[in-house]
Every structure is written in structure tokens, then in C-alpha cells.
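Protein chains: 2
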Amino acid sequence: MNSIKTVAAIGGGVIGGGWVARFLLNGIDVNLYDPSDGAAEKAHNLLSKATKSVRKLVTQPLPTPGKLKLCTSIREAVEVAEFVQESTPENLELKKTILREVDQYAPIECLIASSTSGLKPSDLQTGFSHPERLLVGHPFNPVYLMPLVELCGGTKTDPQTLKKAATFYSNLGMHPLVVRKEIDAFIADRLMEALWREALWLIEEDVATAEEIDDALRYGPGLRWAMMGTFQIYRIAGGEAGMGHFLSQFGPALKWPWTKLMDVPDLDEELITKISEQSDAQAKGLSISELENIRDQGLVEILKSLQRIDWAAGKTLTKYENHLRLQQAEHPSPLLDLYTTTVHADWIDYNGHMTEHRYLQAFGEATDALLEHIGMASRYLTAGHSVYTVETHIRHLAEAKEGALLKVSTQILGKDLKRLRILHILSHATTDEVVATAEHMLLHVNTKTLKVCPFLEPLDNTLNGLWADHSMLAVPTFAGSRIQDLDP
Amino acid sequence: MNSIKTVAAIGGGVIGGGWVARFLLNGIDVNLYDPSDGAAEKAHNLLSKATKSVRKLVTQPLPTPGKLKLCTSIREAVEVAEFVQESTPENLELKKTILREVDQYAPIECLIASSTSGLKPSDLQTGFSHPERLLVGHPFNPVYLMPLVELCGGTKTDPQTLKKAATFYSNLGMHPLVVRKEIDAFIADRLMEALWREALWLIEEDVATAEEIDDALRYGPGLRWAMMGTFQIYRIAGGEAGMGHFLSQFGPALKWPWTKLMDVPDLDEELITKISEQSDAQAKGLSISELENIRDQGLVEILKSLQRIDWAAGKTLTKYENHLRLQQAEHPSPLLDLYTTTVHADWIDYNGHMTEHRYLQAFGEATDALLEHIGMASRYLTAGHSVYTVETHIRHLAEAKEGALLKVSTQILGKDLKRLRILHILSHATTDEVVATAEHMLLHVNTKTLKVCPFLEPLDNTLNGLWADHSMLAVPTFAGSRIQDLDP
Numbered sequence: 003m004n005s006i007k008t009v010a011a012i013g014g015g016v017i018g019g020g021w022v023a024r025f026l027l028n029g030i031d032v033n034l035y036d037p038s039d040g041a042a043e044k045a046h047n048l049l050s051k052a053t054k055s056v057r058k059l060v061t062q063p064l065p066t067p068g069k070l071k072l073c074t075s076i077r078e079a080v081e082v083a084e085f086v087q088e089s090t091p092e093n094l095e096l097k098k099t100i101l102r103e104v105d106q107y108a109p110i111e112c113l114i115a116s117s118t119s120g121l122k123p124s125d126l127q128t129g130f131s132h133p134e135r136l137l138v139g140h141p142f143n144p145v146y147l148m149p150l151v152e153l154c155g156g157t158k159t160d161p162q163t164l165k166k167a168a169t170f171y172s173n174l175g176m177h178p179l180v181v182r183k184e185i186d187a188f189i190a191d192r193l194m195e196a197l198w199r200e201a202l203w204l205i206e207e208d209v210a211t212a213e214e215i216d217d218a219l220r221y222g223p224g225l226r227w228a229m230m231g232t233f234q235i236y237r238i239a240g241g242e243a244g245m246g247h248f249l250s251q252f253g254p255a256l257k258w259p260w261t262k263l264m265d266v267p268d269l270d271e272e273l274i275t276k277i278s279e280q281s282d283a284q285a286k287g288l289s290i291s292e293l294e295n296i297r298d299q300g301l302v303e304i305l306k307s308l309q310r311i312d313w314a315a316g317k318t319l320t321k322y323e324n325h326l327r328l329q330q331a332e333h334p335s336p337l338l339d340l341y342t343t344t345v346h347a348d349w350i351d352y353n354g355h356m357t358e359h360r361y362l363q364a365f366g367e368a369t370d371a372l373l374e375h376i377g378m379a380s381r382y383l384t385a386g387h388s389v390y391t392v393e394t395h396i397r398h399l400a401e402a403k404e405g406a407l408l409k410v411s412t413q414i415l416g417k418d419l420k421r422l423r424i425l426h427i428l429s430h431a432t433t434d435e436v437v438a439t440a441e442h443m444l445l446h447v448n449t450k451t452l453k454v455c456p457f458l459e460p461l462d463n464t465l466n467g468l469w470a471d472h473s474m475l476a477v478p479t480f481a482g483s484r485i486q487d488l489d490p
Numbered sequence: 003m004n005s006i007k008t009v010a011a012i013g014g015g016v017i018g019g020g021w022v023a024r025f026l027l028n029g030i031d032v033n034l035y036d037p038s039d040g041a042a043e044k045a046h047n048l049l050s051k052a053t054k055s056v057r058k059l060v061t062q063p064l065p066t067p068g069k070l071k072l073c074t075s076i077r078e079a080v081e082v083a084e085f086v087q088e089s090t091p092e093n094l095e096l097k098k099t100i101l102r103e104v105d106q107y108a109p110i111e112c113l114i115a116s117s118t119s120g121l122k123p124s125d126l127q128t129g130f131s132h133p134e135r136l137l138v139g140h141p142f143n144p145v146y147l148m149p150l151v152e153l154c155g156g157t158k159t160d161p162q163t164l165k166k167a168a169t170f171y172s173n174l175g176m177h178p179l180v181v182r183k184e185i186d187a188f189i190a191d192r193l194m195e196a197l198w199r200e201a202l203w204l205i206e207e208d209v210a211t212a213e214e215i216d217d218a219l220r221y222g223p224g225l226r227w228a229m230m231g232t233f234q235i236y237r238i239a240g241g242e243a244g245m246g247h248f249l250s251q252f253g254p255a256l257k258w259p260w261t262k263l264m265d266v267p268d269l270d271e272e273l274i275t276k277i278s279e280q281s282d283a284q285a286k287g288l289s290i291s292e293l294e295n296i297r298d299q300g301l302v303e304i305l306k307s308l309q310r311i312d313w314a315a316g317k318t319l320t321k322y323e324n325h326l327r328l329q330q331a332e333h334p335s336p337l338l339d340l341y342t343t344t345v346h347a348d349w350i351d352y353n354g355h356m357t358e359h360r361y362l363q364a365f366g367e368a369t370d371a372l373l374e375h376i377g378m379a380s381r382y383l384t385a386g387h388s389v390y391t392v393e394t395h396i397r398h399l400a401e402a403k404e405g406a407l408l409k410v411s412t413q414i415l416g417k418d419l420k421r422l423r424i425l426h427i428l429s430h431a432t433t434d435e436v437v438a439t440a441e442h443m444l445l446h447v448n449t450k451t452l453k454v455c456p457f458l459e460p461l462d463n464t465l466n467g468l469w470a471d472h473s474m475l476a477v478p479t480f481a482g483s484r485i486q487d488l489d490p
């Protein structure tokens with residue numbers, strides 16, 4: 003199924019148009035049938051939004067985009083297609099009529115997938131000449147970014163159909179989840195629907211507004227669901243006592259009026275055992291503590307990602323950092339000012355400014371001054387230890403001309419047994435105008451074996467003292483930054 | 003409430019211990035009362051996990067940590083406290099007994115918060131001498147990272163109590179959500195419970211396993227809930243036709259067996275209007291298209307953040323990129339090899355290796371070679387235009403000694419009207435061993451006005467051609483990387 007070159011899309015609304023964008027961006031030609039007004043324009047708008055986001059998401063180059071062809075009949079759209087994706091309104095009779103026409107004209111080996119959120123494939127494939135090729139391929143909005151696609155076959159669906167479709171969707175960057183038992187609304191929408199119905203009650207009864215309900219999700223459980231879902235999160239909360247123990251404690255709550263949904267399964271021994279065993283299998287040998295670390299790393303990354311777009315829980319983080327900054331402002335602690343220089347005549351380039359590599363020379367000399375300051379004298383060096391730079395990030399902000407007096411202020415950004423992360427700020431000594439900054443990662447090495455090794459005493463002790471002071475300083479926001487992508 | 007210096011924590015389990023960590027990390031002293039075995043050890047373990055994550059999350063320096071004191075009685079813990087956080091097991095009678103003792107010994111102005119997930123504050127404050135100071139402050143696990151805390155007062159709670167507690171929690175980096183109407187399980191847990199009960203049915207009826215249910219969430223709706231919740235996401239899906247129109251379409255689904263929860267509110271005109279108005283208020287003037295852009299940026303950031311920890315939807319993305327890489331591998335396109343050099347004797351430092359700033363000199367000369375290659379000859383320069391480096395990221399990977407023959411291969415990473423982002427790879431010409439890499443952001447400037455300005459023709463055209471070729475190349479994963487934090 004890697005070789006699919008042409009897909010027919012029946013319906014080009016929010017879901018259908020999202021599919022069209024995902025197909026085209028993966029180099030697949032699309033025959034779109036959508037008789038509604040402005041369908042082509044909508045599809046193009048969606049494609050341009052999708053292109054922007056997908057280019058940001060994917061670091062690999064994308065294939066040459068497929069071609070979009072607007073068709074005037076289902077027959078025209080499907081008769082040369084290798085895969086059909088139907089995304090028409092959620093109406094069983096309408097979908098049946100359309101899908102039967104698709105079945106009539108599509109080549110025999112062409113798979114037919116319906117985007118339905120809830121209708122059963124067995125109901126959709128009635129009256130087909132070739133029902134074995136029909137499946138549900140249920141995506142999530144926006145289709146061009148959301149990884150999940152639920153696959154479900156009906157009673158007459160060939161298991162090979164699900165396998166082939168899973169490979170096809172997977173090569174589009176999606177996560178195919180095969181629903182093992184045919185059921186209305188499959189899995190994700192059942193969970194969403196339960197939550198949604200509870201949310202409607204909360205509004206109906208004036209317990210909360212739409213915004214408060216959304217906040218309860220996005221500052222809370224939504225952050226965990228994005229990463230682990232619900233069972234794995236509860237497994238961690240249960241701790242080393244195990245999932246079975248945790249679930250038995252959970253049982254009583256099912257009798258409490260904690261949602262309007264009071265029709266609950268009996269959480270008996272059998273169900274507890276079933277869930278515990280499934281949870282064990284899901285953990286794939288990771289201990290509670292390992293899962294906890296993954297959860298925490300994931301939360302840190304997600305919160306920081308939301309901070310980058312200044313949204314939801316990311317705003318809370320920024321507000322908190324501002325609060326901490328204000329608290330700290332009362333206790334400034336000076337940086338290390340260990341190096342000054344004048345811009346020499348031979349540091350000037352053809353533009354009349356300080357040559358690029360002379361900046362690094364100045365920063366290198368500032369690093370040497372720092373090393374000397376902490377006691378790394380020539381005796382230390384000749385005894386066979388030194389510090390090597392492994393990484394450097396320079397930002398040029400202003401200019402320096404011949405004769406200018408420059409100074410470097412240095413901040414320790416991090417220190418461990420063998421490494422030192424520092425920041426140099428190069429500025430005009432008279433005006434404090436910042437000319438450039440340099441962040442360096444330094445490794446302590448044995449210069450005889452050329453192996454990394456721990457800092458020696460008493461230097462290590464001096465460094466730890468400096469780092470203890472500097473770890474209390476505000477870290478400039480540009481520290482730890484990267485060179486940004488250019489918008490495609 | 004900014005001035006709280008001492009908090010009493012009653013109970014130090016998963017939730018209580020998480021609170022203790024959050025308090026200590028914010029410089030607040032904690033009196034912990036927890037008579038269970040190993041309580042102190044548990045608290046310390048949680049603190050060390052929390053410290054690691056919070057230091058990664060927060061770029062600002064944290065205050066000097068508070069001191070943890072283990073108390074042998076509730077009285078000892080609370081009598082000098084300014085705030086009490088109770089986190090004992092979810093048992094009404096137990097909590098009432100404990101909270102009454104807290105009320106007896108805590109100073110009058112001390113607030114008393116219960117971490118209960120579901121019990122009503124009116125029930126908890128019965129028998130208090132000072133019930134006006136009791137509130138629910140319901141956090142989420144892990145308490146030291148999750149922003150949400152739900153606040154709820156009982157019939158006797160002073161509204162000022164909720165305000166003061168909100169300020170206190172907010173200064174700890176949390177998002178306080180005041181629940182406007184007292185109800186079992188407040189807001190977030192009702193939503194979680196509805197979803198959880200549906201999940202239990204799915205397992206009970208063998209529709210899905212624990213892992214499949216978690217996957218349905220974390221590859222799907224969980225990603226959106228983390229950022230926007232449910233109403234705002236539906237608002238976007240509804241499009242320009244508006245929330246009211248979308249909801250009326252949604253109505254019929256409530257009658258369908260899409261969850262086990264069939265006891266639903268009537269989605270009549272009145273409820274639709276109420277939700278639509280609340281949704282309008284929530285959007286705060288952002289258009290559907292603006293919300294859509296925020297959603298898509300957020301999804302991109304969250305997916306990339308999960309990719310950084312190689313987990314869940316982040317793994318799907320990596321798998322997709324590998325697939326694209328394989329597809330591309332059939333069409334390699336050569337980098338630009340425009341510069342070679344020999345390591346001169348005066349490039350060698352006291353360690354016998356090439357001096358740091360000479361690397362940047364070599365990279366600078368390679369950039370000059372690239373500029374010359376695209377047609378930026380001296381005529382272009384003297385006519386008043388040039389290219390300035392604004393950012394540089396160097397990674398040192400191997401060594402170069404005197405006389406070594408080095409070459410630079412150059413890849414264009416991005417190009418817009420006024421900027422060029424490039425990558426130089428410096429390697430031994432004979433062995434291809436990579437010695438160092440440098441990523442640069444270059445700005446095209448008018449050297450007379452010193453203002454950034456668009457590249458001129460025909461150079462711009464040449465660059466666009468190069469960029470068109472190079473945009474199809476695989477981007478090395480280290481491109482766009484940053485200097486990493488050192489683990490505290």
C-alpha cells in the first residue's frame with residue numbers, strides 16, 4: 003500500500019478537506035467530489051493552513067505535493083482511484099447511498115474507507131457488490147495534524163482490508179488504532195461523548211460555564227491525557243502497591259454521585275484482575291518510578307510548549323516566572339567581570355567592523371580569564387588537565403569599531419562533575435550596550451588520555467561555590483535558545 | 003497572602019507529599035504531620051523528583067527552599083501555621099475528625115484547605131469554631147507540576163477565604179479555578195469520572211483494552227484537551243456558522259447510543275443559547291480562523307514536545323520522519339563543497355590543537371566562499387550591500403592538528419526575503435570525519451543605512467534556486483538544536 007498514487011475524497015468539508023490536505027502533502031493525487039458551493043476554495047484554504055503547520059511539524063522534507071482534481075461525479079472521482087475516503091454528513095441513509103455508488107464504480111482492488119464517527123461498518127456495507135473492502139477510517143480534526151485514526155471492520159470486511167489501510171494511514175504519519183469489536187462510536191468518541199454529556203449537565207445546572215469547564219480540562223487532566231491517557235496515569239498514582247490495589251480503592255467512588263452517569267459496571271474481582279493484567283501488559287516492563295519520570299518529563303515539555311505559544315497552562319507558567327523574577331529582583335548578585343579588551347586594528351574586516359572570528363577570540367580569552375580566576379593556572383594545565391569547548395552559541399546584537407573598549411560579564415549557567423555551562427555578555431564598557439553574547443559548554447578533560455574526567459580539587463570546590471551563587475540569578479531568556487527556523 | 007512563610011501539611015502521601023514539594027520549592031517552611039511508616043522518606047523522595055522537574059520547567063531561579071519539619075501531632079503542625087493543607091484519605095468521617103482538630107489548634111487567621119477530590123466543603127466544616135476559613139483546594143497529581151487547583155467554599159465559607167487562597171496558590175505557579183456552585187466532585191473530577199466509567203464499560207465488554215483506550219486518548223482528543231478543552235475545540239470545528247448552529251447539529255447524537263450515559267440534558271433552544279453565549283465570551287474576540295491557528299500551533303508544539311521525550315504521539319512523528327527519510331534517500335542531492343583549508347601552525351593553541359576561534363575563522367571563510375558562489379562579488383559589496391552574521395551555533399566533535407586538511411560542506415537550511423540560514427560541516431578531507439559543525443543565521447543589509455533589506459537580483463534568484471534544491475534534503479537532527487541544560 004506504499005504505492006498509492008491516487009485517492010478519491012468524497013466530501014470536502016472540515017474532515018474531508020483535512021484528509022485532502024494530508025493526502026496532497028504526502029505526494030498523493032486527490033480526486034475530490036463535493037457538489038457543495040465553494041468546495042474547491044475551502045479545500046485550498048485548508049491546504050494552505052495545513053501546509054504551514056505540517057512544514058513546522060516535520061523536519062524531514064515532504065514529497066512533491068500531489069495534484070488536486072475536482073470531479074463532477076462520484077464515478078469520475080473513484081473510477082481510477084486506489085483508495086476512497088468518504089467524509090459526508092453523519093446520516094446513515096445518505097452514506098449508504100453514496101457508498102453503494104462508490105462500490106459500483108471503484109476498481110475491485112480499491113479500498114473504501116468511511117470517516118464516520120459513529121455508524122457501524124456492517125450497516126454501511128449492506129448492498130455492496132464487494133463489501134470485503136469497506137472499513138471505517140475515523141480521523142480527528144484537524145485531520146492534517148491529529149495522529150489518531152480508528153479502523154473498524156464490519157461483519158463482511160476482509161481482515162486484510164484493515165491491515166492494508168493501517169499501513170496506508172501509517173505512511174501518512176498517523177497512528178491507526180484497530181477497534182476489535184464493532185460498536186457505535188468506536189472508542190475515542192465514546193469517551194469524548196461521556197465527557198461531553200457530563201459537561202452539558204454542568205452548564206445546564208449552572209455549576210460551571212463553557213470556559214470554566216475547558217479550563218478544568220486544559221490546566222488539569224487534559225495535560226496528562228495528551229501523554230498517557232487514563233489507565234497508565236492511574237497506574238502511576240497507585241504506586242508500587244499495584245493497579246489491583248488501586249482499583250479496589252477506586253471501587254466505592256463508583257457508587258458516589260460524582261457524575262450523572264450512574265449506570266456503572268460492577269468493579270468486581272474479575273474486572274479488577276482484567277484491568278490489572280492489561281495495565282501490566284501496557285507498562286511493558288517499565289517500573290512505576292520510570293513511568294513517573296516519563297510523566298514528569300512529558301508534563302515539563304508540554305507546559306513549555308504551551309508557553310512558547312503563550313496559551314493556557316503556558317501562560318500560568320509565564321505568570322509564575324514573572325512572580326519569581328519580581329521576588330528575585332530584591333537580591334541581585336553580580337556577574338563576574340573578568341575581561342576587558344580594545345578592538346585592535348587587525349580585528350577589522352572589509353565592512354569596517356570587528357571580524358566575526360575575533361568575537362570568538364574575545365570570548366575565548368574571557369573563558370581563559372574565568373579559568374584563571376577559579377584557579378586553573380599553568381601548573382594545573384601542565385599537570386595534564388584542561389577544559390575543552392564542545393559547543394558555542396553566539397548572538398550578534400550590535401557593532402564594534404576600531405578602538406572601542408569592550409568588557410565581558412560572565413554567568414555560570416550550570417555545573418556538574420565534568421561540565422561547565424557558561425554565558426559571556428560582551429558589551430561596550432562605557433555605555434553597557436550589549437554587542438554580542440556567547441553561551442559555551444565546556445568539558446573538563448585529561449589532556450594525556452583525552453578523556454573527560456571530573457574537575458579536581460580545590461578547583462571543583464571553587465566552581466561549586468560560584469555555581470551556588472549563580473544558580474540564584476535570573477537566567478536571561480535567550481540562554482538555551484536555538485537558531486530559529488525561517489518560515490517556509 | 004504573599005507573605006506566608008509556614009504551611010502545615012496534614013498527610014504526606016502522593017497528594018500531600020506533592021504539596022509539600024511545591025511549598026518547599028517556593029521557599030515556604032512546611033510542618034508535616036503524617037503518622038504513617040516511612041512518611042519522611044516518602045516526602046524526601048518526592049521532593050527530589052519534584053526538584054528535578056521544576057528546575058527544568060522554570061527558567062527563573064527558585065527561592066531558597068523552605069525547611070521541612072516532621073511533627074508528631076496535628077497540634078504541633080498547625081499551631082504556628084499560616085495555611086493548612088489537609089490531604090488525608092477520601093473518607094468523610096476521618097476528614098471531619100482531623101479538620102476539627104486542625105480548627106481547634108490553628109491560629110484564627112490561618113486558612114484551612116482540604117485536598118478532597120469530591121467531598122463537599124459544607125460537610126467538612128460542620129462543628130468548626132471558625133468554619134469561615136475552610137475551603138476545598140483540590141489539586142491534581144503530580145501536585146508539583148500540574149497547574150490546576152479547584153477552589154470551593156461551603157455555605158459558611160467567607161468569600162475572602164477563597165480570594166486569599168487563590169492568591170496564595172497563584173503565587174505557587176498554579177491556576178486556581180473557583181467552583182461557583184458546591185457539587186460533589188467539583189468540575190474536573192466529574193468529567194474524568196464520566197470518561198473513566200465509560201472506559202470501564204469498554205473493558206468490561208471487551209471492546210478495548212486499557213492500552214487501546216489510553217491510545218485512543220493520547221493520539222487523539224487528549225492532545226486537544228491539553229490545550230483548549232472541549233467547548234473551544236467544538237467552536238472551531240463548527241466554523242464560521244457559529245456555535246449555536248454546530249450545537250443544533252450535535253443534538254441528535256445525544257439520542258444515539260454513543261456512550262452508556264444515556265441520561266442526558268435536553269439540548270433545547272435555551273441550553274443552546276446559553277452555551278453559545280458562554281462560548282462567545284470565552285473566545286474573547288478571537289475569530290474562528292485565529293483560534294484555528296492557535297490550535298494548530300499548539301498541536302505542532304505538543305507533538306514536538308512529545309517527540310523530544312520519544313513518547314506516544316511523538317513516536318508516531320519520528321516513525322513518519324523515518325519513513326519520509328527513506329523515501330527521500332533515493333534522491334540525494336549534493337551539498338555545496340566550496341572551501342578547503344590546511345590547519346596553519348599559528349592556529350594551534352597550548353594544548354597542541356586548533357584554537358577555538360580559528361574554527362570560526364574557517365567557517366567564516368566558508369561563508370565567504372558561499373557568498374562568492376552565489377554571486378556576491380566585490381562589486382555587490384562596494385555598491386553597498388552585504389551579509390551580516392547575527393547568530394552562530396558551533397559544535398566541536400573531534401580534533402584537528404597542525405597540517406590537517408579540512409573541508410567544509412554547506413547546506414542551506416532556510417531562506418526568506420532578507421535572511422539566510424546555513425549549516426557548515428567541517429570535516430577531515432581525507433577521512434570524512436566530522437570535526438565541527440556551525441549553523442549561522444545571516445542577514446542581508448544595506449551597509450550604508452545599516453538596515454536589513456531584501457536580497458537583490460540576480461543573487462536572490464540564485465539563492466532561491468539553491469534553497470529549492472536544499473529544502474528537499476534531510477535536515478540533520480542537530481540543526482536547530484540548543485545547548486542543553488545541565489541536570490541540577
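Residue numbers (my numbering), protein chains in the order written: chain E, 3 to 490; chain S, 3 to 490. Where a beta carbon is used, it is the ideal one built from N, C-alpha and C, also for glycine.
- Assignment of beta-bridge partners to Ser-388/S by DSSP yields Val-447/S.
- Collapsing the DSSP output to three states places Asp-31/S in a strand.
- When secondary structure is reduced to three states using DSSP, His-132/E falls in the coil class, being assigned neither helix nor strand.
- Around Ser-281/S, the beta-carbon contacts reaching into chain E at under 7 Å are Ala-212.
- Exclusion of the five residues before and after Gly-244/S leaves Ser-278 as the residues of its chain whose Cβ lies within less than 8 Å of its Cβ.
- Using beta-carbon distances, His-430/S does not count as an interface residue toward chain E, since no partner is under 8 Å.
- Counting C-beta pairs with one atom in each stretch, the stretch 377-393 of chain S and the stretch 391-406 of chain E have three or more that are closer than 8 Å, which means they touch.
- Excluding five sequence positions before and after Gly-416/E, the CB atoms of its chain that fall closer than 6 Å to its own CB belong to Arg-423, given in chain order.
- Residues of chain E whose Cβ lies closer than 7 Å to the Cβ of Met-356/S do not exist, since the nearest Cβ in that chain is about 11 Å away.
- Looking at the DSSP output, Met-356/S bridges to Ile-350/S.
- DSSP, read as helix, strand or coil, puts Lys-286/S in coil.
- Taking the beta carbon of Glu-303/E as reference, the chain S residues within 8 Å of it are Ser-307, Leu-308, Arg-310 and Ile-311, listed in sequence order.
- Within the stretch 446-466 of chain S, those residues whose Cβ lies closer than 7 Å to any Cβ of chain E are, in chain order, Thr-449.
- For Arg-297/S, the closest alpha carbon among the candidates Ala-52/E, Trp-21/E and Ile-427/E is that of Ala-52/E.
- Pairing Leu-362/S with Ala-314/E, the inter-Cα distance amounts to about 41 Å.
- A Cβ of chain S is located within less than 8 Å of the beta carbon of Leu-204/E.
- Interface criterion not met: the Cβ of Arg-381/E is under 8 Å from no Cβ in chain S.
- By the C-beta density criterion, Tyr-352/S is exposed, having fewer than 16 other C-beta atoms within 10 angstroms.
- Rounded to whole angstroms, the separation of the alpha carbons of Ala-371/S and Thr-343/S is 12 Å.
- Non-local beta-carbon contacts of Pro-460/E in its own chain, meaning distances under 7 Å to residues more than five positions away in sequence, involve Gly-377 in chain order.
- With a contact defined as Cβ atoms closer than 8 Å, Gln-234/E and Glu-323/S miss out at about 25 Å.
- For the C-beta of Trp-227/S, the chain E residues within less than 8 Å are, from N- to C-terminus, Leu-219, Arg-220, Pro-223, Gly-224, Trp-227 and Ala-228.
- Considering only beta carbons, the part of the stretch 109-124 of chain S lying closer than 9 Å to chain E consists of Ser-119 and Gly-120, in chain order.
- Close to Glu-441/S, with beta-carbon spacing below 8 Å, are these residues of chain E in chain order: Ile-485.
- Gly-155/E has Leu-137/E as its beta-bridge partners, per DSSP.
- For Thr-479/E, a Cβ of chain S is located within less than 8 Å of the residue's own Cβ.
- Of the other Cβ atoms in all chains shown, 16 or more fall within 10 Å of the Cβ of Phe-130/S; this residue is therefore buried.
- In this structure, Thr-159/E is the residue among Thr-159/E, Pro-109/E and Leu-150/E with its C-alpha nearest to the C-alpha of Thr-128/E.
- From the beta-carbon of Thr-232/S, the residues of chain E found nearer than 8 Å are Met-194, Leu-197, Trp-198, Ala-201, Ile-215, Asp-216 and Leu-219.
- By the Cβ test, the stretch 167-178 of chain S is not in contact with the stretch 189-200 of chain S, since fewer than three Cβ pairs between them sit closer than 8 Å.
- Distance between Ala-347/S and Glu-404/S, taken at the CA atoms: about 6 Å.
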